[in-house]
Each structure stands twice: as C-alpha cells, then as structure tokens.
Amino acid sequence: MGTDRYAYQSRLRHMDPVAKLVLTFATVTVCLFCGGITTGIVTLLVMGALTILWGGVRPRAFLKFLRIPMTFLLIGCLTIIVEGHPAETPVLFGVPVGHSIWGITPDSLYRGVCIMAKSMGVIASVYFLTLNTPMTDLTLAMRRLHVPQLMIELMDLIYRFIFVLSDTANQIRTAQDSRLGYQGFRRSINSMGTLASMVFLRAWHKGDKIFSSLESRGYTGMLLTVSDTYENGTGCYIWAAAVAMIQLSCYLAEVQFM
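Residue numbers (the numbering used here): 82 to 339.
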C-alpha cells in the first residue's frame, strides 16, 4: 500500500509518534476552528513543506495523494458555490431558471473557497502523519495516550482487513481477466458487478478464518506489538507551536481586512 511504503521510508520513521500525533492534532484543530482562506492555504503549504523537506517524501508523490481528495472536494464545493437565488439577487455569474436565478454570489464564492482551503489544510496535516508514521507506531502512540482499547483494536483490525479485501479483489480480477471478462463494455459491466458481489462474501469467509486462527493462538482482544526505540520528538512540539502561531496570525489578519 502506498502510504505504508512512504511511512517506512520516511526520515521521521523513528521519531516519537506521540510528537507527530500532537503536531497533526494541533494544526488540524486550529485550522478547523479558525477557518478562513489564508489559514487553510498556509496550513497546506507549511505541512506540505514539512512532509516533503523534513519527512523526505517526494513532491510528486505528495501531490499525487492530494489529487485523490481534491476531486471530491471540488464537486462538493461547487454545490455550495452555485446556488438558487431570487431573480433580483446580484450575482457574479448566473443563469435564469423560471422565477429564480442559479449562479455565484460573492458570499457563496467566499464560503466555497473557504471550505476548500480549510479542507486541503486539514488533509495536508493528516498526510504528514500518515506518510511519516506506520500504522503499528500509531497504535502504540494511541495506547500511550490512553485511547480506549476497543477503539484501537477496531482501527487495527479494520486496517488489516483492507489488505484482505484488496487481495481478494485482485484474485477475482485476475481470474476474470484470464477469461476475457473485460472485453467490451457490456461484459466489463457484468464482470464488475460479479466482482463487487463476490469480493465481500469471500473476504468475509477469509476474515472469519483469520479471526479463528487468532483465537487459536490466544487472542484475547488485544493485538500486542513490540515497541521500537524512538528518537526525541522535541522538533515536532516546536513546529506545533510555530505552525499554530502562524495559523492564528493569518486568521486574525484576514478577519481584520475583511
């Protein structure tokens, strides 16, 4: 999986995961509660720079990961920017529809761009954590922070079953390809429907076997892993305070000039 590969190759791989978690949580919290266009853009730029320059993730790879949520955000923000208004409402761009006008007003444009910037800032902060921290280190950090054990185990099991689903889907897809199951549009749709219906059934049976094997090996509701020796995470705490100050300064400046 892509994020795991980059996490294990990161320069911050052996840094204390609690410190990276604090940095991510601090930037996400300030970005969400402050809002504003400049706050989101600055968060995106700063956390992206930390991921690339400090973590060692290639810029091309980071931008590739950003493209995934950006598509959904663009579609969602368009529904916020383009709204129906009374016919006499001043709009930047609009199309008359009956007794109303559908278009873009300054307020809706600002609101949509603000949500887009805020979301991208939060995503960049989360990517800093996921691209620099393997899942095993993250669960160990959550245990140290006294997160409820049930939540940790659910996260761990769900994460591990992603690979079960992926492997099952790949096996079914390979078998369908070998039988020319994707030759032509109609046959491709039929094969995709068969794959979607079968992948969860087979993954369910495979997951049940895995759970039985865990119980036979003494599983009691806790997946224990050996803790690694981590480097001091003072740098993350310093960056957490610095980024929070930058975010707050940008937000206050934007509010003042609005």
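All C-beta atoms, glycine included, are put in the ideal place defined by N, C-alpha and C.
As the structure is a computational prediction, the values presented were derived from the model and not from experiment.
Would DSSP call residue i helix, strand or coil?
i, result
"SER308", "coil"
"HIS227", "coil"
"VAL138", "coil"
"GLU169", "coil"
"GLY121", "helix"
"SER91", "coil"
"GLY116", "coil"
"GLY262", "coil"
Taking CB distances under 7 angstroms as the criterion, tell me whether residue i reaches chain C.
i, result
"ARG225", "The structure shown has no chain C; it contains just one protein chain."
Output the boundary residues of the alpha helix (DSSP H) element that contains residue i.
i, result
"HIS286", "266-297"
"GLY202", "187-211"
Report back the beta-carbon spacing between residue i and residue j to the nearest angstrom; my notes put them in contact at under 8 angstroms.
i, j, result
"ILE196", "CYS158", "6 angstroms"
"LEU125", "GLY202", "5 angstroms"
"TYR240", "MET223", "Contact flag wrong, Cβ pair sits at about 12 angstroms."
"ASP309", "ASP218", "7 angstroms"
Ignore the nearest five residues each way along the sequence and tell me which others in residue i's own chain have a CB closer than 8 angstroms to its CB.
i, result
"VAL71", "The structure shown does not extend to residue 71, since the chain spans only 82 to 339, so no value can be given for it."
"HIS166", "VAL172, GLY175, SER181, ILE182, TRP183, GLY184 and THR186"
"CYS112", "THR120, GLY121, THR124, LYS199, GLY202, VAL203, SER206 and GLN328"
"GLY136", "SER91, ARG92, LEU93, PHE209, LEU212 and ASN213"
"VAL138", "TYR87, SER91, THR132, LEU212 and ASN213"
"TYR318", "ALA100, VAL103 and LEU104"
According to the Cβ coordinates, are residue i and residue j closer than 7 angstroms?
i, j, result
"MET128", "ALA205", "yes"
"ILE185", "ILE161", "no"
"ALA100", "GLY314", "yes"
"THR152", "PHE143", "no"
"ASP97", "TYR311", "yes"
"ASP237", "THR220", "yes"
"ILE243", "MET279", "no"
"TYR300", "CYS115", "no"
Along the chain, where does the beta strand (DSSP E) that runs through residue i open and close?
i, result
"GLY343", "Residue 343 lies beyond the residue range present for the chain, which begins at 82 and ends at 339; the question has no answer from this structure."
"GLY175", "174-178"
Ignore the nearest five residues each way along the sequence and tell me which others in residue i's own chain have a CB closer than 7 angstroms to its CB.
i, result
"GLY262", "ARG268 and SER272"
"VAL228", "none"
"LEU226", "VAL99"
For residue i, collect the residues of the same chain with a Cβ closer than 6 angstroms to its Cβ; drop the 5 residues on either side in sequence, then sort them by chain order.
i, result
"LEU276", "ILE253"
"ALA321", "VAL103, LEU104 and ALA107"
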